[in-house]
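Below is one structure; the comments refer to it alone.
Residue numbers (the numbering used here): 87 to 729.
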C-alpha cells in the first residue's frame with residue numbers, strides 16, 4: 087500500500103485532503119479516451135456529469151501508446167494528459183488504470199505484441215507449454231508476472247506513463263486513485279496446473295518449498311498427501327499474486343505515482359476463489375467485477391455480501407453497462423438489477439463499464455459522440471440524485487452476522503474442479519454452478535469435502551436469507567479486526583484447517599464474539615497431517631443434519647443470532663424476498679431495498695418498526711404503513727426512501 091495518502095478511504099467513498107469533509111462517492115464511469123475521438127471527449131465528460139457521476143475512469147493501454155520499445159506516443163487522440171486536464175476543467179475526478187494487463191476487449195489485452203510473443207516472458211503450464219489465453223479477437227500466450235524480464239519492461243512502461251499521470255495526481259490534478267493491473271488470477275486460468283511454471287516462478291517455489299518439485303497433476307484417486315502438495319502449490323500461486331501486486335506497487339513508486347489509493351479488480355467468480363483480504367495486504371482496497379443478468383440475482387447477492395464483509399472499501403470496479411460483442415448481451419434492466427442488488431447487500435460504489443460507448447462495445451448509456459440515451463441515462467440520473475439526497479456516503483447497512491469462507495477449502499474446490507484449464511470464470515459464462523463442476527473424489531479424506539464446503543456455504547446463505555438476518559460473507563484471509571465487526575461468526579469446518587485461522591477464531595471468541603463452527607472438528611493441518619493444535623474450537627456447532635434440514639438450520643441460526651444480540655431488520659414475510667435497511671449515523675432509517683430471487687411476480691409484505699411513508703426512487707410510487715405491500719417483478723430489486 088502507498089503511504090502518506092492525500093486521498094484516504096472512507097467507509098463509502100474517498101476522503102480528499104483539504105477538501106469537503108464529506109467523502110467523495112465512489113460512483114465512476116468508464117470513458118476510454120484512446121477509443122473515442124478527441125473532438126467528442128468534452129461532450130462525453132459533460133454527459134457523465136449529467137448522469138450524476140463525479141469520477142471518470144479510464145484504462146491506459148501500454149500496447150496502444152508504445153510505438154517501439156522505449157518510444158511512446160501521447161498526443162492527438164492519445165493525449166492522456168489533455169484528457170485528464172479536460173476532466174479536471176469539467177469538475178470531474180479521475181481513476182487511472184495503467185495495467186500492464188487491461189483486457190478492455192483489446193487484441194493482446196493491451197500488451198504490446200512484442201511482450202506476449204517473447205518466450206522468455208511467457209507463463210508456462212505444467213506441460214512446459216506457453217499458457218495461452220484463447221479469447222476473441224485473437225488468442226495469445228500470457229506473460230508471467232514472476233518473470234523478472236517482464237517486470238523490468240513494465241517498470242519502463244510505468245515510468246513513461248508516470249511522466250504524464252504523475253503531475254496530474256490529486257491535489258494538483260484530478261487523479262484520485264490508481265488500479266494496479268487488471269483481473270489477476272493467471273488470466274482466468276485458475277486451474278492448479280495451467281501456470282505458472284515459468285523458471286522465475288519455479289525458483290520462487292523452490293525457495294518456499296525447500297527445493298521440492300512442484301506438482302503437475304492430481305488424479306481422482308490421489309492420496310491426501312498428494313492432495314496436500316497440490317494445495318500447497320495453489321497457496322504458493324496465491325502468494326505469487328500478492329507478490330506481483332506488491333512488486334507492481336513498488337514500480338509505481340519508482341515512477342512517482344504515490345499519494346493516492348491503489349486497488350485491484352478480480353474477475354467475476356465464486357466468493358473466495360480470489361481472496362480480497364489477502365490482496366489488501368498489498369493494496370488499499372480490492373474489488374470484484376460483476377457481469378450478471380437480472381436472473382442471476384443470487385450470484386450478485388453473494389458477491390456483494392463477500393465484498394461487504396471482506397474489503398476495506400467494497401467497490402465494483404466493473405459493473406456491466408452494455409455488452410461486448412462476444413459475451414452475453416446485457417440490457418438496461420440488467421444494469422439496474424446489478425446496481426441495486428450490489429448496493430442493497432453492502433457495496434459502497436460501482437464503476438459503470440462502459441459509460442461511454444466505443445468500439446467492441448454496445449449499449450452504453452452514453453454514445454461515443456457524447457449523447458445521453460434517454461432511458462438508460464434517465465435511470466442512472468434518478469438513482470444518483472436519490473443517493474446524493476440521502477447522503478449515501480454517511481449511511482450504513484448494519485450486519486451483525488458473518489460467514490467466513492476458509493481459503494483452504496476454496497483451494498480444494500479449484501483442485502477438484504472438472505473445468506481444468508477452462509477455469510471458474512469461464513464456468514460462470516457457461517452458467518455452471520460450482521457444485522456442478524466438482525469431482526466426487528475423496529482424496530483420502532472423510533468425504534468429498536470440495537462438494538461439502540460448497541454445499542454448506544450455499545445452505546448458510548439460503549438459511550440466513552430466509553431467516554431475514556443481516557449478514558455478510560468474509561474472506562478466509564480476513565484479519566481479526568474484520569471478523570470482530572460481526573457479533574456472530576459462522577465458519578463451516580471440515581477435516582482440515584489452517585492452524586493460524588484456528589488461532590484467529592479462538593481470539594475472536596476470547597474477545598467476546600459468538601462463534602459457530604462444524605459440522606466437524608478439524609484434526610488435520612494444511613499438510614493434511616494429524617495435528618494436536620486444534621482441539622475443540624469454542625462456541626456452538628453446526629451438525630450434519632442441518633445441511634439437509636433447512637428448517638433446523640434456519641431455527642438454529644435465528645437462535646444463535648438472538649443470543650448474540652442480532653435482530654431482524656425490516657423483515658419480509660416471504661422467504662424468497664430480501665430486505666436491507668440503510669440507516670443514518672443516528673440510526674434512523676434512510677433507504678430500504680427490497681429484492682427477490684423469485685422467477686414469479688409477487689407482492690412482498692415488509693414489516694417496519696412503525697408506520698412510515700416511503701417512495702420508490704426510480705418509479706415514484708408511494709407506499710405507506712407499518713406493513714408495506716411491495717410489488718416485485720421476477721428477480722427485481724426496488725429502492726425506497728423514507729419520506
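Each residue gets a CB set at the ideal place from its N, CA and C atoms; glycine is no exception.
With 16 or more other Cβ atoms inside 10 Å of its own Cβ, residue 131 counts as buried. Comparing alpha-carbon positions, the option among 578, 313, 178 lying closest to residue 547 turns out to be 578. The C-beta distance from residue 368 to residue 332 rounds to 4 Å, short enough to fall under 8 Å. Residue environment for residue 398: buried (at least 16 other C-beta atoms within 10 angstroms of its C-beta).
Just measuring C-alpha positions, the residue of 339, 107, 92 sitting nearest residue 241 is 339.
In the same chain as residue 433, and ignoring 5 residues on each side of it, the C-beta atoms closer than 8 Å to its own belong to 390, 393, 394, 400, 401, 402, in chain order. Between residue 661 and residue 473, the alpha-carbon positions lie close to 28 Å from each other. Around the beta carbon of residue 153, fewer than 16 other beta carbons sit within 10 angstroms, so the residue counts as exposed. Around the C-beta of residue 206, fewer than 16 other C-beta atoms lie within 10 Å, and the residue is accordingly described as exposed. Where residue 462 is concerned, the enclosing alpha helix (DSSP H) starts and stops at 460-475.
When beta bridges are read from the DSSP output, residue 435 appears opposite 401.
Per DSSP, residue 491 is one residue of the beta strand (DSSP E) stretching across 487-491. The three-state secondary structure of residue 684, taken from DSSP, is coil. Only residues of its own chain outside the window of five on either side were considered, and among them 380 have a CB closer than 7 Å to the CB of residue 419, listed in chain order. Judged by DSSP secondary structure, residue 116 falls within the beta strand (DSSP E) whose first and last residues are 114-116. The region 487-545 contains, as complete beta strand (DSSP E) runs of 3+ residues, the segments 487-491 (chain order).
Spanning the alpha carbons of residue 189 and residue 326 requires a straight line of approximately 20 Å. Counting along the chain, residue 664 sits inside the beta strand (DSSP E) bounded by residues 663-669. Per the Cβ contact rule, the region 223-230 is not in contact with the region 314-322 (fewer than 3 Cβ pairs under 8 Å).
Within the DSSP bridge table, the entry for residue 557 names 487 as partners. Taking C-alpha positions only, residue 438 is separated from residue 373 by approximately 14 Å. Membership of residue 631 in the alpha helix (DSSP H) is indicated by the continuous run 630-634. According to DSSP, residue pairing for residue 350 in a beta bridge involves 372. When beta bridges are read from the DSSP output, residue 689 appears opposite 717.
Per the coordinates, the alpha-carbon of residue 249 lies some 19 Å from the alpha-carbon of residue 91. In the structure shown, residue 178 adopts coil according to DSSP, grouped into three states. Fewer than three pairs of CB atoms, one per stretch, sit closer than 8 Å, so the region 481-499 makes no contact with the region 101-119.
Boundaries of the beta strand (DSSP E) around residue 145: 141-145.
Across the set 335, 352, 356, 354, the C-alpha of 335 shows the shortest separation from the C-alpha of residue 346. Here residue 702 is bridged, per DSSP, to 726. The C-beta distance from residue 666 to residue 693 rounds to 14 Å, too long to fall under 8 Å, and the pair is not in contact. Ranked by how close their Cα comes to the Cα of residue 169, the residues 463, 143, 187, 157 have 143 in first place.
Around the beta carbon of residue 515, fewer than 16 other beta carbons lie within 10 angstroms, which makes this residue exposed. When the alpha-carbon of residue 684 is set against those of 663, 674, 304, the nearest one is in 663. Under DSSP, residue 287 shares a beta bridge with no residue.
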